[in-house]
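>
Protein chains in written order, with our numbering: chain C, 2 to 340; chain E, 2 to 340.
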């Protein structure tokens, strides 16, 4: 059913929209030598997953199309190490293990092609622990701290768990038997730590694929712990509209979370579906606008041919259309217990 | 064969020569409620065990006499966490697992009454690791660092393993199913960490028994990594004599490693055997001296009635007599591989 892609098409699919790849040469070699390479993306069930997760979901879709076997790590122990209370951990895990597949389905990927793995199912094995201790004897407190700094919640009097967190992520690459890891650019220091240390344990270093980060709607990194800056999967059309109305979006300046989401998520989906992005506008204001790619939108926005409010309305509709595809019934019940 | 001891005699035996007990009240309660309480003493196979280890060995003898079941933890993983290279770890473990029983036998304790446990046999179990991660989410980096500071080797750019070390010692108390832990006073901060945190994991806090530290012969803490400051188990009569001749021992000042060893080890053994400590002296210098307890020796030394050289000769003889009881044949072979 699916047409066979050329090497160039596979490489283009895997690398598009990424902010960094370590290294491109290794990725090319992998695509040339393996028909079905293995990659993993991990997420720790901490806060509530938001629509920013659509970005890795799209990349996962790319990887599947490029012939990868994709493993999704639901990292329950990592969540505990990152200040999620142990007593709510199971509920958070239950929510994520339903929410993540729903998001991936929403963008049109068949989740049957994905493998979901629970962290604690392999991260407590004796051989894994031995490797963690071995790695801990190689990595300085300073370097562990540095590598975790952009990933772990910042708290007063930080706990030791935050320093064990990156070490487990390093060892995960080996125990998940992957060729590559996908993560946000905020994971970069941990990924570099992995590149530097796996070979010292006689394991192969892995290829690291890094997504850009989507800023929050009110200027920050889109955080799972700031309600106003993010759109929740369970938000209805009304709420989505309200949140977008409050979003930072100054006429002429494309540097904001809304535009970034439009660029990496909405316009990527549109492009893959050969659909246009339509902005409905009354005839008196010039009538509807149609765009085939993000660059055109950005150009019009900078030149103030596109008004922030019209853009907000259109993006709100697109997001709500996406969220409509999520089966929210069971998710709502799980959320009540988890949050 | 062994006479039944009264509560008072048991308490006296357990607490003698200790620098601190947390807490005496709990120890009394334990002795009153349990006929055979369980205690552990742990040692990490890092450097080479030296005669300073005779002090915990004597305390272990006391505990056995007081009716305790004693577990000796040979903490191989702790050694790795404290900068012992993983590739020599097994050899060091082999040396310790022969040397420690030999030392305990040398002071007249039946090692059949002791239980020897290898750390990695239980410290890699999934439930143990889960507890370590749980504890790591409770203990701050600052507190882990502080608690390890007197135990871990001081190195430039310290490794994360040094912070995991104390956490494992905390959890060991639970997994070894003991009522009490015996250790040097240098372990105090880790023991306090255990007291403060075990209950947060719904485990009982344990009683902590702390030996004083015996200073090295040249003024430092008797360290397994400084050859001159310590007497090795394999040292012959000649070497022991030479090392003691170089020991710090200024006429009139009893504050040195030699006197401390005499007090806590030699005179404790003498007392238990109802033997006198005899210092051989030519008639021209006043003839032989006989002592029944340490206080008398110290008094004469302070009053300069006992010359440092005569004391050194006598202590050297006592140490060599003790070391003569150690079966050195196999130990020497094991040492060649381990060091």
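A virtual CB, placed ideally from N, CA and C, is assigned to each residue, including glycine. Note that this is a predicted model, so its numbers are computed, not measured.
Report the three-state DSSP secondary structure of residue 330 of chain C (helix, strand or coil).
Correct three-state label for residue 330 of chain C: helix.
> Please list the residues of the segment 160-188 of chain E that have a C-beta atom closer than 8 Å to any C-beta atom in chain C, keeping them in chain order.
Listed by position along the chain: 160, 161, 162, 163, 164, 165, 168.
> Can you give me the start and stop residues for the alpha helix (DSSP H) that residue 142 of chain E sits inside?
Looking at the DSSP string, the run of the alpha helix (DSSP H) that includes residue 142 of chain E is 142-149.
> Which residues in chain C sit within 9 Å of residue 142 of chain E, going by Cβ to Cβ distance?
Correct list: 142, 146, 158, 159, 160, 161, 163, 164.
> Find out if the Cβ-Cβ distance for the pair residue 76 of chain E, residue 120 of chain E is shorter than 8 Å.
Yes, these two residues count as a Cβ contact at 8 Å.
> Which residues in chain E sit within 7 Å of residue 131 of chain C, going by Cβ to Cβ distance?
The contacting residues are 125.
> Could you pull the start and end residues of the alpha helix (DSSP H) that residue 44 of chain C belongs to?
Run containing residue 44 of chain C: none in the alpha helix (DSSP H); it sits in the beta strand (DSSP E), 39-44.
> Which ranges does the alpha helix (DSSP H) cover as unbroken runs of at least 4 residues, wholly within the segment 135-211 of chain C, from first to last along the chain?
If we require 4 residues or more, the alpha helix (DSSP H) runs fully inside the segment 135-211 of chain C come out as 142-149, 162-176, 189-198.
> So what does DSSP say about residue 262 of chain C, is it helix, strand or coil?
Looking at residue 262 of chain C - three-state DSSP - the assignment turns out to be helix.
> DSSP on residue 302 of chain C, reduced to helix/strand/coil?
Reduced to three states, the DSSP call for residue 302 of chain C is helix.
> Name the chain E residues whose beta carbon is nearer than 9 Å to that of residue 135 of chain C?
Here the neighbours are 81, 87, 162.
> Would residue 138 of chain C pass as an interface residue toward chain E - the criterion being a Cβ-Cβ separation below 8 Å?
Yes, contact with chain E.
> Below 8 Å, how does it come out for the segment 237-247 of chain C and the segment 199-206 of chain C: are there three or more Cβ pairs, yes or no?
Short answer: they don't touch.
> Have a look at the DSSP bridge pairing and note the partners of residue 102 of chain E.
Residue 102 of chain E pairs with nothing; no bridge assigned.
> Cβ of residue 2 of chain C less than 8 Å from any chain E Cβ?
Confidence at residue 2 of chain C is low in this model, with a pLDDT of 46, below 50, so the placement of that residue should be treated as unreliable; the coordinate-derived value is given next. Output row for residue 2 of chain C: interface = no.
> Please compile the residues from chain C whose C-beta is within a distance smaller than 8 Å of the C-beta of residue 324 of chain E.
Going along chain C, no residue has its Cβ under 8 Å from residue 324 of chain E, so there is no contact; the nearest lies around 33 Å.
> Quick one: Cα of residue 315 of chain E to Cα of residue 195 of chain E, how far?
Between residue 315 of chain E and residue 195 of chain E, the C-alpha separation is close to 41 Å.
> Please report the straight-line C-alpha distance between residue 8 of chain E and residue 70 of chain E, rounded to a whole angstrom.
Going from the Cα of residue 8 of chain E to the Cα of residue 70 of chain E covers about 17 Å.
> Just the chain E side, please: which residues come within less than 7 Å of residue 78 of chain C by C-beta, in chain order?
Those within 7 Å of residue 78 of chain C in chain E are 134.
> Please state whether DSSP places residue 65 of chain C in a helix, a strand or coil.
Residue state, collapsed to three classes: helix.
> Taking three-plus beta-carbon pairs below 8 Å as touching, is the segment 268-276 of chain C in contact with the segment 140-151 of chain C?
Not touching, per the Cβ criterion.
> Are the beta-carbon atoms belonging to residue 324 of chain E and residue 263 of chain E less than 8 Å from one another?
Cβ distance not < 8 Å, so residue 324 of chain E and residue 263 of chain E don't count as in contact.
> Express the C-alpha separation of residue 43 of chain E and residue 19 of chain E in angstroms, rounding to a whole number.
Taking the straight line from one Cα to the other gives about 16 Å.
> Looking only at C-alpha atoms, which of C:299, C:125, C:158 sits nearest to residue 1 of chain C?
Any answer about residue 1 of chain C is impossible in this case: the structure gives chain C only from 2 up to 340.
> Could you please give the first and the last residue of the uninterrupted beta strand (DSSP E) stretch that includes residue 75 of chain E?
Residue 75 of chain E -> beta strand (DSSP E) spans 70-75.
> What first and last residue would you give for the alpha helix (DSSP H) that runs through residue 118 of chain E?
From DSSP, residue 118 of chain E is part of no alpha helix (DSSP H) but of the beta strand (DSSP E) over 115-119.
> Going by beta carbon distance, what residues of the same chain come within less than 8 Å of residue 81 of chain C, once the five residues before and after it are set aside?
Excluding sequence neighbours, residue 81 of chain C sits near 87, 90, 162.
> In or out: residue 313 of chain E buried (at least 16 other Cβ within 10 Å) or exposed?
It counts as buried.
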